[in-house]
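K.L.:
Residue numbers (the working numbering): 96 to 188.
The structure under discussion is supplied below as structure tokens; questions concerning it will follow.
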């Protein structure tokens, strides 16, 4: 447990910083719906409970967290025309 404390604290700090810089509309959605964890870090035992306790948000772990991002990206790429309007390309309009 002690060995994981620094990375878990880094994760918590990153989440808190992101939440502080989140606009009111998205913040409202997060309060209402919570957040979903994905990736290998979400498999750390009780990470969802720790994040929920520290943020006050509902926290869930995605189904199949190791592959859900890749599957979602594949779906997006296969349906790019459908989602083009909501994607931020980083280019000025």
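Backbone N, C-alpha and C fix where the C-beta goes; we use that ideal spot for every residue, glycine too.
Quick caveat: nothing in here was measured; it's all calculated off a predicted structure.
What are the boundary residues of the beta strand (DSSP E) that residue 103 is part of?
P.N.:
First-last for residue 103: 100-115, but that is the alpha helix (DSSP H), not the beta strand (DSSP E).
K.L.:
Going by other Cβ atoms of all chains shown within 10 Å of its Cβ, with 16 needed for buried, is residue 123 buried or exposed?
P.N.:
By the neighbour-count criterion, in which 16 or more other beta carbons inside 10 Å mark a residue as buried, residue 123 falls on the exposed side.
K.L.:
As an exercise, report each continuous alpha helix (DSSP H) stretch of at least 4 residues that is fully enclosed by the segment 132-170, in chain order.
P.N.:
142-150
K.L.:
Can you give me the C-alpha to C-alpha distance between residue 191 and residue 159, rounded to a whole angstrom?
P.N.:
No statement about residue 191 is possible, as the shown extent of the chain runs from 96 to 188 and does not include it.
K.L.:
Apart from the five residues just before and just after residue 131, which ones in its own chain have a Cβ nearer than 6 Å to its Cβ?
P.N.:
Around residue 131, the same chain offers 155 and 157 as residues with beta carbons nearer than 6 Å, after the five sequence neighbours per side are excluded.
K.L.:
With three or more C-beta pairs closer than 8 Å as the rule, is the segment 175-186 touching the segment 143-154?
P.N.:
no
K.L.:
Using the Cβ count rule (16 or more neighbours within 10 Å means buried), how would you classify residue 137?
P.N.:
In this structure residue 137 is buried. Its beta-carbon is surrounded by 16 or more other beta-carbon atoms within 10 angstroms.
K.L.:
Terminal residues of the continuous alpha helix (DSSP H) containing residue 121?
P.N.:
Its alpha helix (DSSP H) spans residues 119-128.
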